[in-house]
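**Q** All residue numbers for the sequence shown refer to the working numbering, where the first residue is 1143 and numbers rise by one.
The C-beta atom is built at its ideal place from N, Cα and C for all residues, glycine as well.
Pasting a structure below so you can have a look.
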Amino acid sequence: MQLSLKLTALVSVFFAAGLAAAAPHSGQSRSETKMMTSKSSRNAAGAVYFITNEADENRIIAASINSDGTLSLDRAVATRGTGSHGITDPNGPDALFSQGAIKASAKGQVLATVNPGSNTVSLFFINPNQPTQIDRLGEPVSTGGEFPMSLAFSSDGSRLCVLNGGAVNGVNCFAVDKKTGLKALPNTLRSLKLNQTTPATGPPGSASHLVFSEDGKQLMASVKGVPPTPGMIAVWDVSGDGALSADFKAVAPPQGGLLPFSMTVVPGKNAVLSTDPGVGFDVFDLSGANKSSAVKIDGQSATCWSSFSTKTGNFYLTDIGTSIVTEVNVDDNLQAKIVKQYPQTNGSSTIDNDIATVNGKDFMYVLAPGAQTVEVLSLDSPGNAKHIQTLKLAGPTKAAGVTINTNNLQGMTSFIRQ
1143 MQLSLKLTAL VSVFFAAGLA AAAPHSGQSR SETKMMTSKS SRNAAGAVYF ITNEADENRI
1203 IAASINSDGT LSLDRAVATR GTGSHGITDP NGPDALFSQG AIKASAKGQV LATVNPGSNT
1263 VSLFFINPNQ PTQIDRLGEP VSTGGEFPMS LAFSSDGSRL CVLNGGAVNG VNCFAVDKKT
1323 GLKALPNTLR SLKLNQTTPA TGPPGSASHL VFSEDGKQLM ASVKGVPPTP GMIAVWDVSG
1383 DGALSADFKA VAPPQGGLLP FSMTVVPGKN AVLSTDPGVG FDVFDLSGAN KSSAVKIDGQ
1443 SATCWSSFST KTGNFYLTDI GTSIVTEVNV DDNLQAKIVK QYPQTNGSST IDNDIATVNG
1503 KDFMYVLAPG AQTVEVLSLD SPGNAKHIQT LKLAGPTKAA GVTINTNNLQ GMTSFIRQ
């Protein structure tokens, strides 16, 4: 009975949040691109991207990053794939129970997105001089599994790995070719051995996020537990040719950890900070030095997404239930503390986020599907984040004929001109 109540409470948080609120390329037809501005910015510092994740057609929404860090909506581009929503009762935002559904590589000048309804990944070339202009590279490719939910590029953008979270779950990797698109790499299709469904059932018991270690020698996938059983981080070794070890090493959360969700690398340490809606967040020490810890965020509801700021040296976590951004510092001994919290619009359901450096300053971009907005924060210094913009999505997308839904919007990634 207690287990049932815990699961119901977690699912209800997600539901309540929804209620409250020129390189070679294959290109695409004009009908596949719907503009939300009469004139695209040619002086943009970069762009952010997220997906509509609609069941009949998935689209990437691209917004220009202006020189002051604010955003301007630009266009929506069809992926030639379809979206999906995980099985949860009642329904709500965060359809994929994940972070990293769409990822950009600055070095590779490429953008990739999952299409969870069609079990494919789409790859695009990013025009470095006008980053909202994205052109499809090849056709979408099969992920080798079901319900793809998260992506990770290698540091140079030459390889892309996908996390499948459905009945056929695990990881698979591809070589990135800027002429032909994605080509499956041998010896990278690996199973997580989860007892799952397609679409995935969750949030508890579902996969969440895929990242490479800082040195690129390991590939890690987070899996949420089913209370009271904790989840894990699955770790595969990566060989020089990109092949993955035959099986993964399961790393359990520290004592008190339960539902590892996002993973953000702690720079210079063999460690990751993982959000954990069961407690707040966990620090996983992967070096074997036994410095892992679970840290409680008082009053948190479902803290599930995270990013790191190179300028402040701190991590920024978002909570879908409270719509609060929490700033966290992790010191050289992997001791973590909460620096400050920044409430956003109540009921806005803050989910996926990313941080980008624009003209020497960091800005945080937070998808808030409950309000159908993107919230922009200026990270001026440690303990000093300021909200500077609310980018409204509903009006411009409707005017452009683009369907968005509070329960389906997902992902957030950025690209900055070099």
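Check whether the Cβ atoms of Ala1189 and Phe1450 lie closer than 7 Å to each other.
**A** Here residue 1189 is taken as the residue at index 47 of the sequence shown, counted from 1. Here residue 1450 is taken as the residue at index 308 of the sequence shown, counted from 1. For Ala1189 and Phe1450, no; Cβs fall outside 7 Å.
**Q** If you compare alpha carbons, which of Leu1331, Pro1402, Met1362 and Asp1389 is closest to Pro1369?
**A** Against the sequence shown, residue 1369 aligns to sequence position 227. Of the listed residues, the one whose Cα sits closest to Pro1369 is Pro1402.
**Q** From the DSSP secondary-structure annotation, give me the bridge partner or partners of Cys1303.
**A** Here residue 1303 is taken as the residue at index 161 of the sequence shown, counted from 1. Looking at the DSSP assignment, Cys1303 forms a beta bridge with Ala1294 and Cys1315.
**Q** Helix, strand or coil: how does DSSP classify Thr1539 here?
**A** Sequence index remark: in the sequence shown, residue 1539 carries index 397 (1-based). Three-state DSSP puts Thr1539 in a helix.
**Q** Rounded to the nearest angstrom, how far is the Cβ of Met1291 from that of Leu1238, given a contact under 8 Å?
**A** The residue you call residue 1291 lines up with position 149 of the sequence shown. The residue you call residue 1238 lines up with position 96 of the sequence shown. Rounded, the Cβ-Cβ distance is 4 Å, consistent with contact.
**Q** Would you call the stretch 1538-1545 and the stretch 1191-1211 touching, i.e. three or more CB-CB distances under 8 Å?
**A** Segments in contact, yes.
**Q** Roughly how many angstroms separate the alpha carbons of Ile1388 and Met1362, rounded to a whole number?
**A** Within the sequence shown, numbered from 1, the residue matching residue 1388 stands at position 246. Within the sequence shown, numbered from 1, the residue matching residue 1362 stands at position 220. The sequence given here has Ala at residue 1388, not Ile. About 14 Å.
**Q** May I ask you to verify whether the stretch 1500-1518 touches the stretch 1434-1443, counting CB pairs closer than 8 Å and requiring at least 3?
**A** Result no; under three Cβ-Cβ pairs closer than 8 Å.
**Q** Under 8 Å by Cβ, that's how I've got Ser1240 and Ser1350 pegged, so tell me the actual separation to the nearest angstrom.
**A** The count along the sequence shown starts at 1 and reaches residue 1240 at position 98. The count along the sequence shown starts at 1 and reaches residue 1350 at position 208. Their Cβ separation, rounded to whole angstroms, is 5 Å, which keeps Ser1240 and Ser1350 in contact under 8 Å.
**Q** Using a Cβ-Cβ cut-off of 6 Å (strictly less than) and excluding sequence neighbours within five positions of Thr1175, which residues of its own chain qualify?
**A** On the sequence shown, residue 1175 is found 33 positions in, with the first residue counted as 1. So the list reads Arg1217 and Val1219, once near-sequence residues are dropped.
**Q** According to DSSP, is Glu1099 helix, strand or coil?
**A** With the chain represented from 1143 up to 1560, any question about residue 1099 goes unanswered, as that position is not in the structure.
**Q** Taking the DSSP output, what are the residues bridged to Gly1384?
**A** To locate residue 1384, count along the sequence shown from 1; it is residue 242. Partner(s): none; Gly1384 has no beta bridge.
**Q** Excluding the five sequence neighbours on either side, which residues of its own chain have a C-beta within less than 7 Å of the C-beta of Val1380, listed in chain order?
**A** In the sequence shown, residue 1380 corresponds to position 238, counting from 1. Closer than 7 Å at the Cβ level, and outside the excluded window around Val1380, lie Gly1358, Lys1359, Gln1360, Leu1361 and Leu1386.
**Q** Measure the CB-CB distance between Ser1348 and Ser1404 and report whether it falls below 7 Å.
**A** Here residue 1348 corresponds to residue number 206 of the sequence shown, with the count starting at 1. Here residue 1404 corresponds to residue number 262 of the sequence shown, with the count starting at 1. No, they are not a contact pair.
**Q** Is Ile1530 closer than 7 Å to Ser1520 when the C-beta atoms are compared?
**A** Stepping through the sequence shown from its first residue, residue 1520 is reached at position 378. Stepping through the sequence shown from its first residue, residue 1530 is reached at position 388. Result yes, Cβ atoms of Ser1520 and Ile1530 sit closer than 7 Å.
**Q** Give me, in chain order, the residues of the same chain whose beta-carbon lies closer than 6 Å to that of Asn1269; leave out the 5 immediate sequence neighbours on both sides.
**A** By 1-based counting over the sequence shown, the position of residue 1269 is 127. Excluding positions up to five away in sequence, the list reads Gln1275.
**Q** Do you know whose CA, among Asn1456, Asn1526, Ser1284 and Gln1397, lies nearest Pro1409's CA?
**A** The residue labelled residue 1409 in the question sits at position 267 within the sequence shown. Nearest C-alpha to Pro1409: Asn1456.
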